[in-house]
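*Asks:*
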Amino acid sequence: MNSAQADAYLRRLGAERPASPTLDALRELQLRHLVSVPFENLSIHLREDIVLEENRLFDKVVGARRGGFCYELNGVFGALLTALGFDVTLLAARVYDDEERLGIPYDHLALRVRTGDGGDWLVDVGFGAHSHCPLAIGQRSEQVDPGGTFRIVEAGPDAAGARSGGADTDTGSGDLDVVRDGSRRYRLELRPRVLGDFVAGAWWHSTSPESHFTKSLVCSRVTEDGGRITLSGRSLTVTAPDGEKKVRELGADREVLSVYRERFGVEVAGAPTVRGPGGDD
101 MNSAQADAYL RRLGAERPAS PTLDALRELQ LRHLVSVPFE NLSIHLREDI
151 VLEENRLFDK VVGARRGGFC YELNGVFGAL LTALGFDVTL LAARVYDDEE
201 RLGIPYDHLA LRVRTGDGGD WLVDVGFGAH SHCPLAIGQR SEQVDPGGTF
251 RIVEAGPDAA GARSGGADTD TGSGDLDVVR DGSRRYRLEL RPRVLGDFVA
301 GAWWHSTSPE SHFTKSLVCS RVTEDGGRIT LSGRSLTVTA PDGEKKVREL
351 GADREVLSVY RERFGVEVAG APTVRGPGGD D
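The opening position of the sequence shown corresponds to residue 101 in this note's numbering, with each subsequent residue numbered one higher.
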């Protein structure tokens with residue numbers, strides 16, 4: 101990402117270019133991203149190609165002022181952070197379902213970010229409801245965040261009885277489980293990856309009948325007050341910082357399009373409908 105692209109991205113976020121790659125700067129950039137760029141899967145249902153290439157992701161998120169899901173959002177945000185002087189590593193993760201079963205390999209993309217002031221952080225702007233601030237990768241005690249109470253712990257054996265894949269020289273651990281409010285969210289692998297490694301995972305989530313992304317529509321972002329607003333199909337949920345929810349069902353297509361435009365900054369030609377797995381309506 102060149103300097104002009106980075107400046108355009110920062111304008112998209114409503115953020116200033118940081119003087120140096122510090123934790124304070126990283127924290128501000130992550131929060132501005134969560135507020136400004138929605139987590140959404142509309143491309144799957146609008147028959148838009150999802151291309152995991154840096155310039156294509158930049159054109160979507162910055163040029164078209166859209167959002168995306170994990171591979172897109174963390175992929176392009178990682179490129180921005182690198183352009184701003186942060187040391188960024190792409191990491192693969194497998195997401196736990198409600199019964200704490202692990203998903204597919206390359207199920208999720210997250211970022212490991214080292215700051216100029218010596219910090220080592222987990223950054224994730226592509227997991228929907230998650231931490232608002234960077235999480236210290238090496239810390240094993242609770243980390244209280246506006247998005248919940250988090251712990252990063254060493255992972256145990258997987259369903260096949262295999263333990264984590266190799267020790268990390270900096271933390272002394274292998275795979276890590278990211279826990280939010282007592283529930284395991286995903287298993288993080290510490291081996292560095294490149295964006296192209298995630299193409300198969302993105303394809304699976306975009307096409308498989310087992311993927312929740314093919315079964316539903318979602319557009320969600322953090323609000324300025326620290327709450328959250330989510331449009332799931334035609335159901336609009338506004339969650340206050342204290343957790344109180346207000347749900348409203350939208351009616352005509354024009355009302356749906358208005359919410360996308362006014363509450364998420366997303367312009368689409370027509371109200372999306374669930375496309376279904378394999379591209380069927």
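We treat Cβ as the ideally placed atom computed from N, Cα and C, and that holds for glycine.
Please classify K160: is it buried, with 16 or more other beta-carbons within 10 angstroms of its beta-carbon, or exposed?
*Replies:* Position 60 of the sequence shown, counting from 1, holds the residue named residue 160. Burial call: buried.
*Asks:* Only counting runs of 4 or more residues, tell me where the alpha helix (DSSP H) segments fall wholly within the segment 265 to 339, in order along the chain.
*Replies:* Segments of the alpha helix (DSSP H) lying fully in the segment 265 to 339: 299 to 307 and 312 to 315.
*Asks:* By Cβ distance, which residues of its chain are closer than 8 Å to V366, with the 5 residues on each side in sequence left out?
*Replies:* Within the sequence shown, residue 366 is the residue found at index 266, counting from 1. P138, E140, L142, R165, R166, G167, C319 and Y360.
*Asks:* Look up D187 in the DSSP assignment and give the residues it is bridged to.
*Replies:* Looking up residue 187 in the sequence shown gives position 87. Per DSSP, R214.
*Asks:* Can you give the beta carbon distance from L134 to V225, rounded, assuming they're within the 8 Å contact cut?
*Replies:* As a first step, residue 134 is located in the sequence shown; it is residue number 34 there, counting from the start. As a first step, residue 225 is located in the sequence shown; it is residue number 125 there, counting from the start. Confirmed, Cβ separation roughly 6 Å.
*Asks:* From the DSSP secondary-structure annotation, give me the bridge partner or partners of L235.
*Replies:* Position 135 of the sequence shown, counted from the start, is the residue given in the question as residue 235. Its beta-bridge partners are L222.
*Asks:* Where does E116 sit, in a helix, a strand or coil, going by DSSP?
*Replies:* Locating residue 116 in the sequence shown gives position 16, counting from the first residue. Three-state result, E116: coil.
*Asks:* Given this structure, state the Cα-to-Cα distance separating R111 from L290, to the nearest angstrom.
*Replies:* Position 11 of the sequence shown, counted from the first residue, corresponds to residue 111. Position 190 of the sequence shown, counted from the first residue, corresponds to residue 290. Looking at the two C-alpha atoms, the distance is approximately 32 Å.
*Asks:* In whole angstroms, what separates the C-alpha of D197 from that of G203?
*Replies:* Here residue 197 refers to the residue found at position 97 of the sequence shown. Here residue 203 refers to the residue found at position 103 of the sequence shown. So the two alpha carbons sit approximately 7 Å from each other.
*Asks:* Confirm, please, whether the CB-CB distance from P234 to V213 is below 8 Å.
*Replies:* Along the sequence shown, read from residue 1 onward, the residue named residue 213 stands at position 113. Along the sequence shown, read from residue 1 onward, the residue named residue 234 stands at position 134. Yes, they are a contact pair.
*Asks:* Give the C-beta separation of A236 and W221 to the nearest angstrom, bearing in mind that I take them to be a contact with Cβ-Cβ under 8 Å.
*Replies:* For this step, residue 236 is matched to residue 136 along the sequence shown. For this step, residue 221 is matched to residue 121 along the sequence shown. Confirmed, Cβ separation roughly 6 Å.
*Asks:* Give the range of the alpha helix (DSSP H) segment to which R402 is assigned.
*Replies:* Outside the displayed span of the chain (101 to 381) sits residue 402, for which this structure offers no information.
*Asks:* Quick one: measure Cβ to Cβ for G175 and L152, integer angstroms, because I've assumed they're closer than 8 Å.
*Replies:* Residue mapping note: residue 175 aligns to position 75 of the sequence shown, counting from 1. Residue mapping note: residue 152 aligns to position 52 of the sequence shown, counting from 1. So it is a contact: roughly 6 Å between Cβ atoms.
*Asks:* Assign G370 to one of three DSSP states: helix, strand, or coil.
*Replies:* What you label residue 370 is simply residue 270 of the sequence shown in a count that begins at 1. Coil at G370, not helix or strand.
*Asks:* Near D277, what residues of its chain come up, given a Cβ to Cβ distance below 6 Å and the 5 sequence neighbours on each side ignored?
*Replies:* Mapped onto the sequence shown, residue 277 falls at position 177. V253, A255, R284 and R287.
*Asks:* Let me know the secondary structure DSSP gives G178 once reduced to three states.
*Replies:* The sequence position of residue 178 within the sequence shown is 78, counting from 1. In this structure, G178 counts as helix in the three-state DSSP scheme.
*Asks:* Look at the alpha carbon of A193 and the alpha carbon of E310, and state the distance between them as a whole number of angstroms.
*Replies:* Working through the sequence shown from its first residue, we reach residue 193 at position 93. Working through the sequence shown from its first residue, we reach residue 310 at position 210. In a straight line, the C-alpha of A193 is about 18 Å away from that of E310.
*Asks:* Throw me the rounded Cβ distance for the G248 and D281 pair, which I believe falls under 8 Å.
*Replies:* In the sequence shown, residue 248 corresponds to position 148, counting from 1. In the sequence shown, residue 281 corresponds to position 181, counting from 1. With a Cβ gap of about 5 Å, G248 and D281 count as contacting.
*Asks:* State buried or exposed for A179, treating a residue as buried only when at least 16 other CB atoms are found within 10 Å of its CB.
*Replies:* Taking the sequence shown and counting its residues from 1, the one referred to as residue 179 is at position 79. It is buried - the Cβ of A179 has at least 16 other Cβ atoms within 10 Å.
*Asks:* Tell me where the beta strand (DSSP E) around E254 begins and ends.
*Replies:* Taking the sequence shown and counting its residues from 1, the one referred to as residue 254 is at position 154. Run containing E254: G248 to E254, per the beta strand (DSSP E) assignment.
*Asks:* Inspect the beta-carbon positions of P121 and L173 and report whether they are closer than 8 Å.
*Replies:* The residue labelled residue 121 in the question sits at position 21 within the sequence shown. The residue labelled residue 173 in the question sits at position 73 within the sequence shown. No, these two residues do not count as a Cβ contact at 8 Å.
*Asks:* Determine, using beta carbons only, whether G326 and P246 come nearer to each other than 8 Å.
*Replies:* Translated into positions along the sequence shown, residue 326 becomes position 226. Translated into positions along the sequence shown, residue 246 becomes position 146. Yes.
*Asks:* Could you please give the first and the last residue of the uninterrupted beta strand (DSSP E) stretch that includes E349?
*Replies:* Along the sequence shown, read from residue 1 onward, the residue named residue 349 stands at position 249. Looking at the DSSP string, the run of the beta strand (DSSP E) that includes E349 is K345 to E349.
*Asks:* Is the beta carbon of R363 sitting closer than 8 Å to the one on I329?
*Replies:* Here the question's residue 363 lines up with position 263 in the sequence shown. Here the question's residue 329 lines up with position 229 in the sequence shown. Yes, the Cβ-Cβ distance between R363 and I329 is below 8 Å.
*Asks:* What are the boundary residues of the beta strand (DSSP E) that V244 is part of?
*Replies:* For the purposes of this step, residue 244 is taken as residue 144 along the sequence shown, with counting starting at 1. It spans Q243 to D245 - the beta strand (DSSP E) in which V244 sits, taken as one unbroken run.
*Asks:* Can you tell me whether P341 is buried or exposed, with buried defined as 16 or more other CB within 10 angstroms of its CB?
*Replies:* On the sequence shown, residue 341 is found 241 positions in, with the first residue counted as 1. Burial call: exposed.
*Asks:* When you compare each of W304, H232, T314 and V322 to V374 by their alpha carbons, which one comes out closest?
*Replies:* The residue labelled residue 374 in the question sits at position 274 within the sequence shown. Of the candidates W304, H232, T314 and V322, the one whose C-alpha sits nearest the C-alpha of V374 is T314.
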